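In the numbering used here, the protein residues as written are 129 to 456. C-beta atoms are modelled at their ideal positions from N, C-alpha and C, and glycine is treated no differently. These numbers come from a predicted model, not from an experiment. Here the structure is laid out as structure tokens; the discussion comes afterwards.
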Ligand SMILES: Nc1ncnc2c1ncn2[C@@H]1O[C@H](COP(=O)(O)OP(=O)(O)OP(=O)(O)O)[C@@H](O)[C@H]1O
Ligand SMILES: [Mg+2]
């Protein structure tokens, strides 16, 4: 399968006065053509930093990035600023958490989409408006003609989110990165937006990585789920398998922290006991060791490597095989 995104041992460090914040610590992630992958994990686990690094959006001055970072076969870390602009304008589009930050309040939504279309392609204003209208229809905005002339604040949160997706699609991206596209919205609107992303993936052949706190939504929309903890993917695999046969103790606690472990749409991850480690002072061993009920002394002396469990399922834990035998 062609990989649209290939991350190998990706590390992202922020240089702060007197310390180095290790936000991403060796992420391995492949996104196949037409695939939808959900990134889940507690707040601060490095989900947004990973997504932003794919477009190299971090400040060059205060950030160190290393490892392999390829998009559509191209080495993003070696790109010139011109190549980066092409990557951001043509290949990859990102949908941010809060649409009000991405949309300019002083222009109508339609004007912003028309401008994006004309920046990309030489077309008349009339033609660009037709295309903007088609995009609004594609993201299922009702009364699209009227809504093109609305200002961002005149739209509901869900409609704004759809308008932002239309804006992202205006450059015909191959890859869509959606950073928690829906947290500010209520649960039903959230799942509708994620289902829309899935439909758009099928219609347009997109490849998508999205971040969510809603495991039920991840299960419904994603082909694969990757679980992040302290800047590492500690478990990943086909969505259904990961949820029914989780193997890493952290994934187990995440799933247990939801009511009765059932797949419930719209529920956010509850916090689990203890706190994640200080990213500027990571422990020597497994970063989850301090909070893990299965930890043995070995867990505090070395970092567990990624172990394959077959069928694209893998996890990083020294005790995988013993835990699999324990009752959930
Ligand atoms: N520019 C930056 N400079 C310093 N530290 C940063 C910077 N950006 C992010 N961090 C830190 O990196 C860590 C990972 O942040 P990130 O935003 O990726 O978390 P997240 O998994 O997206 O969390 P959430 O679910 O809350 O969105 C956090 O500790 C954050 O404070
Ligand atoms: Mg985030």
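Inset, instruction - Pair every Cβ in the stretch 349-364 with every Cβ in the stretch 402-416, then say whether three or more of these pairs are closer than 8 Å. - result: yes
Legend entry - Beta-ladder partner(s) of residue 443, from DSSP: 363 and 435
Legend entry - Exposed unless 16 or more other CB atoms sit within 10 angstroms - verdict on residue 123: Outside the shown range of the chain, which is 129 to 456, sits residue 123, and nothing can be said about it.
Inset, instruction - Keeping to the same chain, check which residues put their C-beta closer than 6 Å to that of residue 164; ignore five residues upstream and five downstream. - result: 329, 336, 350 and 351
Inset, instruction - With a threshold of 7 Å, establish whether the CB of residue 181 neighbours any heavy atom of ligand 1. - result: no
Inset, instruction - Would you decide whether residue 372 is buried or exposed? Buried here means 16 or more other CB atoms lie within 10 Å of its CB. - result: exposed
Inset, instruction - Write down every uninterrupted run of the beta strand (DSSP E) in the stretch 153-228 whose length is 3 residues or greater and which is fully enclosed by it, in chain order. - result: 164-168, 191-199 and 220-223
Inset, instruction - Taking all protein chains shown into account, decide if residue 247 is buried (16 or more other Cβ within 10 angstroms of its Cβ) or exposed. - result: exposed
Legend entry - Contiguous beta strand (DSSP E) assignments of at least 3 residues, all confined to the stretch 279-306: 303-306
Inset, instruction - Count the CB pairs spanning the stretch 192-204 and the stretch 364-383 that are closer than 8 Å, and state whether there are at least three. - result: no
Inset, instruction - For residue 175, verify whether its CB is less than 7 Å away from any heavy atom of ligand 1. - result: yes
Legend entry - Where the beta strand (DSSP E) through residue 465 begins and ends: In this structure the chain extends from 129 to 456, so residue 465 is not present and cannot be described.
Inset, instruction - Verify the contact flag: residue 307, CB atom, against every heavy atom of ligand 2, threshold strictly below 7 Å. - result: yes
Inset, instruction - Using 7 Å as the cut-off, classify the Cβ of residue 371 as near or not near the heavy atoms of ligand 1, replying yes or no. - result: no
Inset, instruction - Measure from the alpha carbon of residue 451 to the alpha carbon of each residue in 403, 379, 401 and 209, then state which is nearest. - result: 379
Inset, instruction - Check whether the Cβ of residue 339 lies closer than 7 Å to any heavy atom of ligand 2, and answer yes or no. - result: yes
Inset, instruction - Identify, in the order they occur along the chain, each residue of the same chain with its Cβ nearer than 8 Å to the Cβ of residue 402, setting aside the five sequence neighbours on each side. - result: 418 and 419
Inset, instruction - Since I believe residue 269 is in contact with residue 256 (beta carbons under 8 Å), could you give me their beta-carbon distance rounded to a whole number of angstroms? - result: Actually they are not in contact, since the Cβ atoms of residue 256 and residue 269 sit about 17 Å apart, beyond 8 Å.
Inset, instruction - Return yes when the C-beta of residue 142 is under 7 Å from any heavy atom of ligand 1, and no when it is not. - result: yes
Inset, instruction - Would you mind working out which of 134, 135, 149 and 139 sits nearest residue 406, comparing C-alpha positions? - result: 149
Inset, instruction - Enumerate in chain order the residues of its own chain whose CB-to-CB distance from residue 347 is below 8 Å, with the five nearest sequence positions on each side excluded. - result: 353, 367, 368, 371 and 391
Legend entry - Reference residue 184, options 341, 220, 424 and 297, closest by Cα: 220
Legend entry - Those residues which DSSP pairs with residue 355 across a bridge: 168 and 363
Inset, instruction - Could you check if residue 145 is buried or exposed, using at least 16 other CB atoms within 10 Å of its CB as the buried criterion? - result: exposed
Legend entry - Enclosing alpha helix (DSSP H) for residue 416 [first to last residue]: Note, residue 416: premise wrong, no alpha helix (DSSP H); not H, not E.
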